[in-house]
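In full-length UniProt numbering, the protein residues as written are 1 to 442. By construction, the Cβ of each residue, glycine as well, lies at the ideal position given by its N, Cα and C atoms. In this text, all values refer to a predicted model and were calculated from it rather than measured experimentally. Taking it in order: structure first as structure tokens, then the write-up.
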Ligand SMILES: Cc1cc2nc3c(=O)[nH]c(=O)nc-3n(C[C@H](O)[C@H](O)[C@H](O)COP(=O)(O)OP(=O)(O)OC[C@H]3O[C@@H](n4cnc5c(N)ncnc54)[C@H](O)[C@@H]3O)c2cc1C
Ligand SMILES: NC(=O)c1ccc[n+]([C@@H]2O[C@H](COP(=O)([O-])OP(=O)(O)OC[C@H]3O[C@@H](n4cnc5c(N)ncnc54)[C@H](O)[C@@H]3O)[C@@H](O)[C@H]2O)c1
């Protein structure tokens, strides 16, 4: 049996950051990662970074095969950097193996062809999530059926791409592949786009994406996939329509990676949605066994995984004050063209919670910077608590919104009145100066 101070399962954002920090504090750390192509985790290898390289290169009108090649180089470089950051640390041992719990504090791996048991007082589970495969009849192992991971390894641009699911992945891939020149159809069971977003902005997103040429099929599910020819499949939809495509993307959510983890050999419990159940400090039902990132459910973002790391570090070495409850406003962006970004509540959510609200609204086309960059698409909206003059939320659909939203988040976290963003001296001509007008609320 090999004994460590900490065992970390999964080389994801929280896990790798934690490994480095614990090692720097003198802990002997075992990092277990099942796939050497995943050093650094999901984000840099198969998710945020490769997709955003492709989003960028699609906008630049780079030919698709060249963009795929550039994406591979970026990923390789980042993976190598991530590997080195831990491999060069004498306190860290990297084991390449699938990890499986044998008991609450024992983890089995394969080492030099033999089974080996590792133990530690502290164990951190950071195994991420994996694509949900929808219940679809037909051969899902077909070389024309993809997940978000496999589609971006396809070397040749699909002429016709059918996307099942209209969430983050569905929309980002739709926008990106349309920019490269694919004809894209998105099939979604909902009756409109982005049902949880401000409805006026969601309608604007739909209009802009449809103007790009993306087709949306609402209120429908894909039921069966059937090979038509060497490079075509037929999708049978629940509304009776058929769709012919060269590639099908399954973009129907991601589920926590708990399979094969041997949790049945422990007292660790799962939530109804199959995530690892944790308390406010991310500890599981077993003392000193923690779960961080996608595997513990909730919002699935890299920066949430990083913030989970902060919670655990604060608990182990700090004042124990930081927790899930103490986490402030979390912004997010969907990297469609132009991007959609959001923090806090929509007007409807605020009203449903009983706030007396006022709203600010600005068409991107009315702002000078939009003319400078020749992109007039989009709409910005903010929601204010009328009684306290505080910002309740912002939904920004337009160029540079992924940067802008962090300014609003900062003002909200600092509990600043909305007039703070309204009355700032901003430089010019930039997008943030639109806040002078967006927050000019009666
Ligand atoms: C296509 C796509 C695009 C995305 N874009 C963004 C974006 O732009 N911005 C953003 O913030 N988020 C984005 N996300 C979400 C983001 O990628 C995830 O939230 C984040 O990577 C989760 O990180 P994590 O720390 O939970 O673990 P991960 O990074 O998922 O790491 C888990 C690791 O554990 C390993 N593992 C699993 N099981 C075992 C086991 N039993 N033994 C050993 N190792 C194991 C896996 O191989 C993996 O390397 C995107 C996701 C996808 C799919
Ligand atoms: N920019 C970013 O930060 C970013 C980008 C991509 C992914 N992500 C993360 O990855 C996660 C997963 O993304 P996602 O788009 O797969 O999930 P999602 O939960 O955002 O959307 C899934 C969509 O699939 C639909 N769906 C479910 N079952 C279906 C079925 N059988 N047929 C047709 N449609 C079906 C749902 O109605 C929903 O619209 C997101 O929650 C997000 O946190 C983040």
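Distances taken from the Cβ of residue 254 to the heavy atoms of ligand 1 include one shorter than 7 angstroms. Taking C-beta atoms under 8 angstroms as the contact rule, residue 74 and residue 53 qualify, at a distance of about 5 angstroms. Of all alpha-carbon atoms in 123, 34, 194, 173, the one lying nearest the alpha-carbon of residue 19 is that of 123.
One Cα belongs to residue 348, the other to residue 155, and the distance between them is close to 44 angstroms. Burial of residue 33 is indicated by the presence of at least 16 other C-beta atoms within 10 angstroms of its C-beta. With a beta-carbon spacing of about 28 angstroms, residue 59 and residue 132 fall beyond the 8 angstroms limit used to define contacts.
In the three-state DSSP reduction, residue 271 falls in the coil class, being neither helix nor strand. Taking a cut-off of 8 angstroms on C-beta distances, the stretch 164-184 touches the stretch 250-268, as three or more cross pairs fall below it. DSSP places residue 38 within a helical segment (H, G or I) once states are collapsed to three. By the CB criterion at 8 angstroms, residue 109 and residue 120 fall outside the cutoff. Collapsing the DSSP output to three states places residue 103 in a strand. The Cβ atoms of residue 295 and residue 258 sit closer than 8 angstroms to each other.
When the beta-carbon positions are compared, residue 256 and residue 47 stay at least 8 angstroms from each other. Under the DSSP assignment, residue 305 falls in the alpha helix (DSSP H) whose first and last residues are 302-317. Counting only runs that start and end inside the stretch 336-415, the beta strand (DSSP E) elements of at least 3 residues fall at 340-344, 357-363, 379-385, 390-397. Here the distance from the Cβ of residue 4 to the nearest heavy atom of ligand 1 is not below 7 angstroms.
Taking residue 206 as the centre and dropping the five residues before and after it, the same chain places the C-beta of 193, 216 closer than 7 angstroms to its C-beta, in chain order.
Residue 435 places its beta carbon 8 angstroms or farther from that of residue 266. Beta-bridge analysis with DSSP links residue 146 to 249. Within its own chain, the residues whose Cβ lies closer than 6 angstroms to the Cβ of residue 202, once the five positions on either side in sequence are excluded, are 193, 194, listed in chain order. Remark: the shortest separation between the CB of residue 248 and any heavy atom of ligand 1 does not fall under 7 angstroms.
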